[in-house]
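Numbering (UniProt numbering), first residue to last: 1 to 294. We put the beta carbon where it would ideally sit given N, CA and C, even for glycine. All values reported here derive from a predicted model rather than from experimental measurement.
Here it is in structure tokens:
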């Protein structure tokens with residue numbers, strides 16, 4: 001199938017092990033979804049990955065550009081070319097890495113980065129860069145975490161987990177996750193953690209907590225009805241968990257190939273683009289995490 005009409009998968013490269021893992025995940029996803037891949041390394045004199053500085057013979061623009069290009073080439077060479085092959089575009093940009101990714105993401109299906117690294121990805125998880133990338137990016141951001149299982153040539157059959165809380169970002173996450181599950185032919189698992197630590201305001205405790213579970217189960221049913229295609233062949237399961245949202249999702253992610261969450265839930269402030277649940281998942285999940293805007 002031609003990839004000309006399909007939006008690309010954009011990968012942030014900085015020479016770290018994390019960015020190499022991100023590129024590997026992007027290759028696998030590109031094969032499944034029949035998409036091209038763009039591997040992007042953005043650099044500036046004050047924010048250049050240390051490995052690029054060390055590779056440059058002289059601290060001038062031409063030498064740094066060459067060193068950045070070589071760093072990108074080395075990272076790509078570390079990851080075996082997928083079979084069947086995917087279309088790969090290499091892009092070195094003399095621009096702040098996040099600004100370069102945000103700009104390129106306007107034409108991308110998703111932006112993929114590693115969990116940590118010498119430059120870009122390390123700062124993503126530190127907070128400020130994550131806020132910039134997630135706030136300004138035009139599409140989903142996938143942070144590649146964990147160690148993929150050794151399945152040989154067999155496809156990964158583990159489910160895709162998606163966090164549900166009824167907010168617009170989480171509903172968008174359900175739709176995005178369902179499309180990924182359809183492409184991969186795997187199950188979709190919708191999870192809502194309903195435990196809250198508040199007073200019951202006079203409502204008897206024996207009545208209060210069962211009502212939370214009932215509300216959680218109804219929410220999952222409503223979201224599945226509203227946001228999933230009845231004609232889809234995807235196997236869907238719903239789970240209301242007596243736990244916090246972040247812990248419920250982190251537990252479920254231990255047996256998943258991908259965890260999908262919205263940028264922020266109903267309990268957050270609109271100014272906080274990355275909600276606490278999404279932040280905890282990005283930091284601690286045992287598998288790649290996709291963060292979706294509404």
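Whose CA, out of the options, lies closest to the CA of residue i?
i           : options            : result
residue 154 : 211, 83, 165, 216  : 83
residue 189 : 107, 236, 20, 227  : 236
residue 233 : 7, 178, 106        : 178
residue 92  : 73, 18, 238, 80    : 73
residue 257 : 139, 222, 160      : 160
residue 275 : 264, 241, 284      : 264
residue 31  : 246, 106, 222, 85  : 85
residue 76  : 25, 33, 65, 168    : 25
residue 133 : 28, 244, 106       : 106
residue 281 : 11, 71, 115        : 115
residue 228 : 162, 251, 278, 286 : 162
residue 148 : 28, 186, 245, 250  : 28
residue 328 : 70, 22, 78, 156    : Missing from the structure shown is residue 328; the chain here goes from 1 to 294 and no further.
residue 16  : 9, 241, 78, 65     : 78
Considering just the uninterrupted stretch of the alpha helix (DSSP H) at residue i, what are its terminal residues?
i           : result
residue 87  : Element bounds for residue 87: n/a, residue is neither H nor E.
residue 185 : Note, residue 185: premise wrong, no alpha helix (DSSP H); not H, not E.
residue 63  : 61-78
residue 147 : Here residue 147 belongs to no alpha helix (DSSP H), and DSSP marks it neither H nor E.
residue 33  : 17-33
residue 281 : 276-284
residue 246 : 245-253
Suppose you measure from the CA of residue i to the CA of residue j; what does that come to, to the nearest Å?
i           : j           : result
residue 141 : residue 253 : 17 Å
residue 7   : residue 183 : 15 Å
residue 193 : residue 112 : 27 Å
residue 14  : residue 217 : 43 Å
residue 20  : residue 67  : 17 Å
residue 170 : residue 96  : 30 Å
residue 127 : residue 152 : With a pLDDT of only 40 at residue 127, under 50, the local geometry of the prediction cannot be trusted, and the value read off the model is given with reservation. Their Cα atoms are separated by approximately 36 Å.
residue 220 : residue 146 : 27 Å
residue 144 : residue 239 : 25 Å
residue 80  : residue 62  : 29 Å
residue 212 : residue 195 : 8 Å
residue 18  : residue 191 : 28 Å
residue 108 : residue 36  : 10 Å
residue 270 : residue 166 : Any reading at residue 270 must be qualified, since the residue scores a pLDDT of 42, below 50, and its modelled position is unreliable; no value is offered.
residue 288 : residue 262 : 14 Å
residue 225 : residue 164 : 13 Å
residue 283 : residue 250 : 10 Å
residue 34  : residue 186 : 17 Å
According to DSSP, which residues form a beta bridge with residue i?
i           : result
residue 111 : 10, 141
residue 292 : 262
residue 240 : 192
residue 163 : 191
residue 93  : 42
What residue range does the beta strand (DSSP E) around residue i cover?
i          : result
residue 42 : 37-42
The ligand ADP heavy atoms versus the CB of residue i: any closer than 7 Å?
i          : result
residue 38 : Inclusion of the ligand ADP in the displayed structure is not the case, the ligand content being empty and no account of it being possible.
Q. Is the region 24-44 touching the region 87-101 in the sense that three or more CB pairs, one from each, lie closer than 8 Å?
A. yes
Q. With contact counted as at least three CB pairs below 8 Å, one residue from each stretch, are the region 283-292 and the region 165-177 in contact?
A. yes
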